[in-house]
Structures are given as structure tokens and as C-alpha cells.
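K.L.:
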Amino acid sequence: MPHPLVTQLSSPGATWVRGLKVVTADEAARRFGPINPIAWMIGHLAWQEQLYWLDRAQGVAPIPR
Numbered sequence: 005m006p007h008p009l010v011t012q013l014s015s016p017g018a019t020w021v022r023g024l025k026v027v028t029a030d031e032a033a034r035r036f037g038p039i040n041p042i043a044w045m046i047g048h049l050a051w052q053e054q055l056y057w058l059d060r061a062q063g064v065a066p067i068p069r
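My numbering numbers the first residue of the sequence shown as 5 and each following residue consecutively.
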């Protein structure tokens, strides 16, 4: 049985992937008014995941600052 945090995080991740399958690269880079582009949001989430699960939890920095 996976850890509860893994279960908690896998559902939103799967939803993101399912929703982004129909988005082209040009659409992902497009900005709609004051909202950041989808590409920026994905990059920000990836950075946060690295910070929480690698830097803070394990002391590993695959891409140093």
C-alpha cells in the first residue's frame, strides 16, 4: 500500500496530464490576460516538487541553484 501522500498527489497529477493532452506547445505558451501561461504553471509546480521531495526531504539537489 502506498504512503497516503503518494496517493494524495497522484490524483491531481493524473488530472493535469489528462487535461493537457489536447494542448499544443503554442497554446501552452500563450498568456491570457493576467493569468500565467500553462507552461509557466507546470514549470513552477515541477520546481516545487523538486524543492519539497528532493531538496528538503532528502538533501539532494539534481539541479543546483
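For each residue, glycine too, the CB sits at the ideal point set by N, CA and C.
Pro41 and Ala33 - do their beta-carbons sit closer together than 7 Å?
P.N.:
Closer than 7 Å, so yes.
K.L.:
Given a cut-off of 7 Å on the beta-carbon distance, is the pair Leu55 and Val64 in contact?
P.N.:
No. Outside cutoff.
K.L.:
Measuring CA to CA, which of Gly47, Pro8, Met5, Asp30 is closest to Trp20?
P.N.:
Of Gly47, Pro8, Met5, Asp30, the residue nearest in Cα terms is Gly47.
K.L.:
On the DSSP bridge assignment, give the partners of Ile39 in chain order.
P.N.:
According to DSSP, which records beta bridges pairwise, Ile39 is partnered with Phe36.
K.L.:
To the nearest angstrom, how far is the alpha carbon of Trp44 from that of Met5?
P.N.:
Distance between the alpha carbons of Trp44 and Met5: 33 Å.
K.L.:
Just how far apart, CA to CA, sit Val10 and Gly17?
P.N.:
Computed Cα separation, rounded: 10 Å.
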